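Peer 1: Mind the numbering: the sequence shown is residues 1 to 692 in the working numbering, read in order. Ideal placement from N, C-alpha and C gives every residue a C-beta, glycine not left out. All of these numbers come straight from a predicted model, not from anything done at the bench. The structure's right below; bear with me while I get my questions together.
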Amino acid sequence: MVITERNKTDALGYENVRSLLFRLAAPAIAAQMINLLYNLVDRMYIGHIEGEGRLALTGVGVCLPLIMIVSAFASLISMGAAPRASVFLGKGDRKAAEKTLGNSFLLLIFVSAALTVILQLFSRDVLFAFGASPATIGYACDYMLIYSLGTVFVQLTLGLNAFISAQGFAKISMFTVLIGAVSNIILDPIFIFALGMGVKGAALATIISQCFSMIWILGFLTGKKTSIRLKRKNFALDPKVFLPCISLGLAPFIMQSTESLISVCFNTSLLRYGGDIAVGAMTVMISVMQFSMLPLIGLSQGAQPIMSYNFGAKNAERVRETFRILLVSCLIYSMSLWALVELFPQIFIKIFNSDAELLRFAVPALRIYFLASGVFGIQIACQQAFIALGDAKSSLSVAILRKIVLLVPLIYIVPALPLSVSKTTAVYMAEPIADFVSVAYTAVLFSVRFKKIIGEIGGDEADSHRQSGYFRFLRKAVRFFTKPMETVWELPFEGKPSVFVCNHDRAYGPIAMCAHFELSEDVRPWINAQVLSMRETPAYIRQDYWWDLNKWYSPILGHSLAYIYALILPPILRGSDCVPVYHDTGVMSTLRESVKMLSDGKHLLLFPEHPTGYCEYGEKIFDGFVSVGRLYYARTKGLVNFYPTYVDWKKKIIQVGKPVPYDPNVKYEEQVKTITAAIEEYFKNFNGKDIL
C-alpha cells in the first residue's frame with residue numbers, strides 16, 4: 001500500500017510494526033545527530049574568535065546548563081502532551097488531540113514569556129551561581145541576554161515538533177532540526193566574524209535559526225497535511241487537558257533539568273579527589289555518553305507514536321509487539337556499545353580530546369563509567385513506554401530514583417567507603433552502581449505495570465496465563481549463567497494435565513524447575529501468598545533462613561536482606577504467572593485457579609515443604625495439593641498425574657519419577673495417603689535429609 005501524507009497517522013495502526021518503527025526511528029536518530037552537530041559547530045566558531053576565543057567559549061559553556069533547563073520546560077509540556085495526542089488519535093478522537101495541541105501551544109507561550117523575564121532580570125546572578133568567573137561573566141551575559149529574547153522560538157520549536165513526530169511524520173520532524181542547523185551554520189560566521197559581533201552574533205544566529213524552524217512547524221501544523229491542526233478555538237486553557245500533560249511530562253523534565261545538577265556534583269567531588277585532570281576526564285566521558293546514547297533516544301522516539309496510537313486504539317497486541325521490538329533493538333545496541341567501549345575506549349576518547357595525559361587517565365575511567373551501559377537499553381525502552389502509555393507515576397518514579405535518589409548521593413558516598421580503589425575511581429563507580437539498581441527497579445516495575453496497563457485496554461484475555469517479559473528475560477539470564485540441567489524421566493511423559501511435586505533444596509529447586517526443566521515454559525508454580533506481598537515478604541524470609549544462623553552476620557542478613565528481597569521477589573514471582581497459595585478461607589481460590597491452569601493446558605509445580613527454618617527434611621509433607629486432583633475431576637472429569645520430581649543441583653539432573661494418577665474410584669483419604677507416600681518414598685531414595 002502506498003502511504004500518503006493524509007493516512008500516515010492511521011498507518012500507525014496497521015503497518016508492519018518492525019518496518020514502521022525503524023522508518024520512524026531513522027529520521028529521529030538523524031535529527032539527534034544533526035542537533036549535536038549544530039551545537040558542536042556553534043562552539044567551534046566561538047572558540048575561533050581571535051584573541052578571546054578561549055574565554056568566550058568558557059563563557060558560553062557556563063550558559064549551557066541554563067539553556068538545558070530552558071529546553072526542559074518545553075519537555076515538561078510537550079513530552080507529556082504529544083503522547084496523549086497520539087492516544088486520542090488512536091481512539092479516533094481528533095478533537096481531543098487538537099485541544100491538547102492548542103492548550104500546549106498557549107502554555108509554551110506563557111512559559112516562554114516567564115522565562116524571558118526571569119533571564120533578562122537575573123541572568124548575571126544565575127550565571128555566577130553556575131560557575132562564571134569575573135573573566136567570563138561578560139561573555140556569558142552577552143550570550144544569555146540575547147538568547148533569552150528568543151526563548152519563545154526555542155520553546156515553540158522544541159515543544160511543537162514533538163506533535164509532528166507523534167503523528168508519524170518523522171521526516172518532517174527531522175527537517176525542523178535540519179532547517180535550524182543549516183541556518184545556524186550559515187549565519188554563525190556572518191554574525192560572529194563578518195559583522196564582528198562575537199558572542200552576541202552567535203546568540204543572534206541561534207535565535208534566528210530557531211525562528212526559521214518555528215515558522216516551518218507552524219506552517220505544517222496549520223496546513224493540510226497534518227492530522228491535527230493548530231486552531232484558535234483550542235487556545236482556551238483547560239486544566240482537565242493540560243494538567244495530565246504536565247504530569248506525564250514531569251519525568252522528561254527532571255531527566256533534562258537535573259543534568260546540570262549531576263554535572264556540578266561530579267565536578268565538585270572529582271575536583272576534591274583528582275583535580276583538574278579528573279574533571280577533564282569526566283567532561284569527555286559525559287560527552288561520549290551523550291553522543292553514544294543518541295541512537296537509543298531516536299529508537300524510543302520512533303516507538304512512542306506507535307505505542308501511544310495503538311494504546312488509544314485498544315490494540316494490545318501491537319503495543320506488545322512494538323515494545324518487544326524496541327526492547328530487543330535497544331538491548332542489542334547498548335550491549336554492542338558496552339563491548340566496544342570496554343575493548344576500545346581510547347577510540348571514543350580521541351573523538352573529543354587527544355591529550356596524552358588525559359587519555360591515560362580517561363581510558364580506565366571510561367571502562368568503569370560504562371560498566372552498566374550494556375543493560376541501559378532496558379531503562380530507555382521501559383521509561384519511554386511508561387510515557388507512551390500515559391503512566392505518569394511510574395515514569396516519574398524511575399526518573400527520580402536514578403538521578404536524585406541514587407546517583408547524587410552515591411557520588412559522595414562511594415568515595416567515602418573503605419574501598420581498595422582510588423577516590424576518583426570510586427566517584428566514577430557511582431554511575432554504574434546507580435544504573436544497575438535503576439535498571440533492575442525499572443524492569444521489575446515495568447513487568448508489573450505493563451501487564452496491568454494492557455489489561456485496561458482489553459488485553460486480559462490475551463494475557464491469560466502468560467508469563468511476563470521480565471520473568472522470561474530472567475529465565476534466559478539464569479540459563480545463560482548456569483550450567484544446563486538434564487531432565488530424566490523414568491517413564492515417557494504422557495502429556496496429560498500434571499502436577500510436579502518437587503524438593504525445594506533451598507532456592508535451587510524453584511530455579512532449576514523454572515529455568516532448566518524440560519517443560520519450564522508450561523509449568524506454573526504454587527507460591528505462598530505471603531511472599532507475593534511486599535508488606536509480608538520480610539516476615540516470610542526471616543522465618544526461612546538458608547544461611548548459617550550462628551555466623552556474626554546473621555542478624556544483619558535477617559533484617560536487611562529481608563527487606564531487599566521484599567522489593568525484588570514479589571514482582572518476579574508474580575511475573576511467573578504463579579498460583580497464590582492461601583492457608584485460610586482463601587484456599588478455594590488457590591484450588592480454582594489451579595484447575596483453571598490445568599484446563600488451559602498448563603502444568604502445576606509445587607514444593608510441599610514444612611517451614612522448619614532450615615529447609616531440613618521432615619517425616620511428612622503437606623498433602624493439601626491432592627485436592628487439586630479431586631476438584632479437577634469434579635469440574636472436567638479429567639484425571640491428573642502427580643509426578644514426584646527431585647532436583648540434584650550438584651549433579652545437574654532433574655529426575656522425574658513414575659506418575660501417581662488421581663483415581664476417583666478410591667476414597668479421597670486413601671488417595672492422599674497413597675500419593676504423598678509415593679512422593680515421600682521417592683525423595684528418600686535420593687536423599688533422606690535436606691531435600692525439601
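Whose C-alpha, out of Val-182, Thr-151, Leu-107, Gly-59, is nearest the C-alpha of Leu-127?
Peer 2: Gly-59
Peer 1: Could you tell me if the beta carbon of Ser-420 falls within a distance shorter than 7 Å of some heavy atom in the ligand ADP?
Peer 2: Of the ligands one can find in the structure shown there are none, so the ligand ADP has no counterpart to examine.
Peer 1: Would you check if the distance between the CB atom of Tyr-139 and the CB atom of Val-199 is smaller than 8 Å?
Peer 2: yes
Peer 1: When the distance is taken between beta carbons, is Ala-678 closer than 8 Å to Val-660?
Peer 2: yes
Peer 1: Grab the span of the beta strand (DSSP E) containing Phe-607 for me, first residue to last.
Peer 2: Note, Phe-607: premise wrong, no beta strand (DSSP E); not H, not E.
Peer 1: May I ask you to report which of helix, strand or coil DSSP gives Gln-32?
Peer 2: helix
Peer 1: Based on Cα-Cα distance, which residue from Asn-16, Gly-280, His-504 lies nearest to Ala-303?
Peer 2: Asn-16
Peer 1: Count the other CB atoms within 10 Å of the CB of Ala-426; is the residue buried (16 or more) or exposed (fewer)?
Peer 2: buried
Peer 1: With 8 Å set as the bound, which would you pick, yes or no: does the beta-carbon of Asp-663 sit closer than that to a beta-carbon of chain D?
Peer 2: Looking for chain D here will not work: only one protein chain is present.
Peer 1: Would DSSP call Thr-222 helix, strand or coil?
Peer 2: coil
Peer 1: On the CB-based measure, 16 or more other CB atoms within 10 Å of its CB, does Gln-120 come out buried or exposed?
Peer 2: exposed
Peer 1: Does DSSP put Gln-655 in a helix, in a strand, or in coil?
Peer 2: strand
Peer 1: Looking at the unbroken beta strand (DSSP E) that takes in Arg-402, where does it start and where does it end?
Peer 2: Segment: none, Arg-402 is in no beta strand (DSSP E) and carries neither H nor E.
Peer 1: Kindly indicate which residue of Leu-606, Val-628, Leu-337 has the alpha-carbon position closest to the one of Lys-596.
Peer 2: Val-628
Peer 1: Can you give me the C-alpha to C-alpha distance between Gly-92 and Ala-313, rounded to a whole angstrom?
Peer 2: 8 Å
Peer 1: Between which two residues does the alpha helix (DSSP H) containing Phe-266 stretch?
Peer 2: Residues 259-273.
Peer 1: To the nearest angstrom, how far is the alpha carbon of Leu-337 from that of Ser-292?
Peer 2: Taking the straight line joining both Cα atoms gives about 8 Å.
Peer 1: State the start and end residues of the unbroken beta strand (DSSP E) segment that holds Trp-526.
Peer 2: Here the beta strand (DSSP E) through Trp-526 covers 523-528.
Peer 1: Please confirm whether Ser-227 and Ala-162 have their CB atoms less than 8 Å apart.
Peer 2: no
Peer 1: Within 10 angstroms of the Cβ of Phe-235, are there 16 or more other Cβ atoms? Answer buried if so, exposed if not.
Peer 2: A residue is called buried when at least 16 other Cβ atoms come within 10 angstroms of its Cβ; Phe-235 does not meet this threshold and is exposed.
Peer 1: Count the other CB atoms, across all protein chains shown, that sit within 10 Å of the CB of Leu-195; report buried if there are 16 or more and exposed otherwise.
Peer 2: exposed
Peer 1: Is the beta carbon of Val-501 closer than 8 Å to that of Pro-644?
Peer 2: Result yes, Cβ atoms of Pro-644 and Val-501 sit closer than 8 Å.
Peer 1: Please name the residue, chosen from Ile-109, Ala-113, Ser-173, that lies closest to Arg-23 on a Cα-to-Cα basis.
Peer 2: Ser-173
Peer 1: Pull up the distance between the alpha-carbon of Gly-495 and that of Ala-28, whole angstroms please.
Peer 2: 50 Å
Peer 1: Which value, in whole angstroms, describes the spacing of the CA atoms of Thr-322 and Leu-401?
Peer 2: A straight-line Cα-Cα distance of about 26 Å links Thr-322 and Leu-401.
Peer 1: Using a threshold of 8 Å, state whether the C-beta atoms of Tyr-709 and Val-640 are closer than that.
Peer 2: Because the chain spans 1 through 692 in this model, residue 709 falls outside it and cannot be assessed.
Peer 1: Taking DSSP's pairing of strands, which residues face Asn-641 in a bridge?
Peer 2: BP columns for Asn-641 point to Ser-498, Pro-661.
Peer 1: Output needed for Val-626: all residues of its chain with C-beta closer than 8 Å, excluding positions within five of it in sequence on either side, in chain order.
Peer 2: Phe-642, Tyr-662, Tyr-668, Gln-671, Val-672, Ile-675, Thr-676
Peer 1: In three-state terms, what does DSSP make of Ser-14?
Peer 2: According to the sequence shown, residue 14 is Tyr rather than Ser. When DSSP states are grouped into helix, strand and coil, Tyr-14 belongs to the coil group.
Peer 1: Would you report the Cα separation of Val-478 and Phe-471, rounded to the nearest angstrom?
Peer 2: 11 Å
Peer 1: Select from Ile-254, Met-33, Ser-589, Gly-47 the residue whose C-alpha is nearest the C-alpha of Leu-396.
Peer 2: Ile-254
Peer 1: Measure the alpha-carbon distance for Gly-131 versus Arg-124 and round it to whole angstroms.
Peer 2: 11 Å
Peer 1: Quick check for students: name the residue ranges of the alpha helix (DSSP H) that lie wholly in the stretch 297-380, counting only runs of 4 or more.
Peer 2: 316-343, 345-352, 356-369
Peer 1: Look up Thr-487 in the DSSP assignment and give the residues it is bridged to.
Peer 2: The bridge partners DSSP lists for Thr-487 are Ile-654.
Peer 1: If Gln-256 and Met-33 are in contact, beta carbons under 8 Å, what's the gap, nearest whole angstrom?
Peer 2: Contact flag wrong, Cβ pair sits at about 18 Å.
Peer 1: Rounded to the nearest angstrom, what separates Leu-250 and Val-405 at their Cα positions?
Peer 2: 16 Å
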